[in-house]
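Numbering (the UniProt record's numbering), first residue to last: 1 to 312.
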C-alpha cells in the first residue's frame, strides 16, 4: 500500500515552509514522491511557493478537502495511482482542514486497498499562545488531537510563557504525541527522515467528535462558512511608505479580519514575497522572476474595496 503523510496546521503555521525545506534537503530523494496541495481559495499560492522542489504537485483549490472537495480528492488519488504509481504521497491540506474526514475518504472502496495513512504531523504556531484569547481554538485542537507528532513552529519568536502554554494545550488534547521544535528537526536530515519513518501515533479509530472508528456519520463543516478568500493581481508598484501603511491597515483590522495573506508584490519596482499571519508579516526580496504579482487574503468580513486601493 502507498503511504500517505499528512502535514496539517492552521493558517500561517508554517506547513509550506516546512515542506519546502524537507524537499530541498532531498529527504525523499530515493523515492518517487507526489505532493497534493489543497488551498481554500481559488488561487493556490502555496503551490507557487513550492515551485522548483523537483516533484509533481497536484493542486486542489476552491474549497477544503474535508467537505466540498472530497470527490475531487478521491479522483486525484485514483489518477495518481494510475499515472504516477508513487512510492509516497505528501498531502498539505488547507489551514482549516478537519482531519478525521481524511480517514473517512480513504475508506472509499476504490482507495482502501491501495493507500494507507503513514503519519499525521501537525505544525503548531507557538506565538498564538500568548495567554490571551486563543483564536480559532477548534481548528488548532483538531489538528493536534489527530497528530502522531507535533512540530512547534516560530519558537524563535516566542517567549517561555508561549512555549509553556503551547505544551499545556498539546497535553490537554493529545498527551501521547511526540513534540519537536521544527527548526531543530530541519537542522538534521536524519531527524527529518525519522519523522516520516516512524508514522503517526494517534489512535486512527478515535474521531474528534468522540465517536468510535468505522462510524458512518458526517461532520458539520459550518465553521468553514465565515472564511472567505480574496485575491488580486497587482500590476503596479508601491513605495516603501505606501506598503507600510497598507500593512498597518491589514493588522489593525481596517480591511476586515484578515488572518492570513501571502503573495508577490512590487515595492519600488522590485518583486517581494510577503507573508502575513496573526499581526506579523515578513517581506523578502524575490530574486527569481514570477509570472504574476498577486496576493491572496483569507479571513472574515474582508472589505474588497481595499484591494482596488492598493493597486490604484
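Virtual Cβ for every residue (Gly too), placed ideally from N, Cα, C.
Remember, predicted model here, so these are calculated numbers, not experimental data.
{"Query": "CB contact below 8 Å: residue 141 versus chain C", "Result": "This model lacks chain C altogether, as it is built from one protein chain only."}
{"Query": "Candidates 80, 293, 150 and 162, of which the one nearest residue 238 by Cα", "Result": "293"}
{"Query": "Beta-carbon proximity list for residue 111, same chain, < 7 Å, skipping 5 on both sides", "Result": "74 and 77"}
{"Query": "Helix, strand or coil at residue 116 [DSSP, three-state]", "Result": "strand"}
{"Query": "Proximity winner among 146, 132, 246 and 297, relative to residue 165 (alpha-carbon distances)", "Result": "132"}
{"Query": "Other residues of its chain near residue 302: CB distance less than 8 Å, five sequence neighbours each side excluded", "Result": "228, 230, 255, 256, 257 and 258"}
{"Query": "From 136, 246, 11 and 283, residue whose alpha carbon lies closest to that of residue 92", "Result": "11"}
{"Query": "Where residue 278 falls, given that 16 or more other Cβ within 10 Å makes a residue buried", "Result": "buried"}
{"Query": "Buried or exposed (CB count within 10 angstroms, at least 16 for buried), residue 38", "Result": "buried"}
{"Query": "Alpha helix (DSSP H) segment containing residue 188, residue limits", "Result": "It is not in any alpha helix (DSSP H) - residue 188 carries neither H nor E in the DSSP assignment."}
{"Query": "Limits of the alpha helix (DSSP H) - the one that residue 168 falls within", "Result": "160 to 173"}
{"Query": "Segment limits, beta strand (DSSP E) that includes residue 90", "Result": "88 to 92"}
{"Query": "Simplified DSSP assignment, three categories, for residue 213", "Result": "Residue placement at residue 213 is poorly supported in this model, since its pLDDT is 35, which falls under 50; the coordinates are not used for a value here."}
{"Query": "Bounding residues of the beta strand (DSSP E) (the contiguous stretch that carries residue 272)", "Result": "270 to 277"}
{"Query": "Where residue 71 falls, given that 16 or more other Cβ within 10 Å makes a residue buried", "Result": "exposed"}
{"Query": "Beta-carbon spacing of residue 192, residue 25 below 8 Å", "Result": "yes"}
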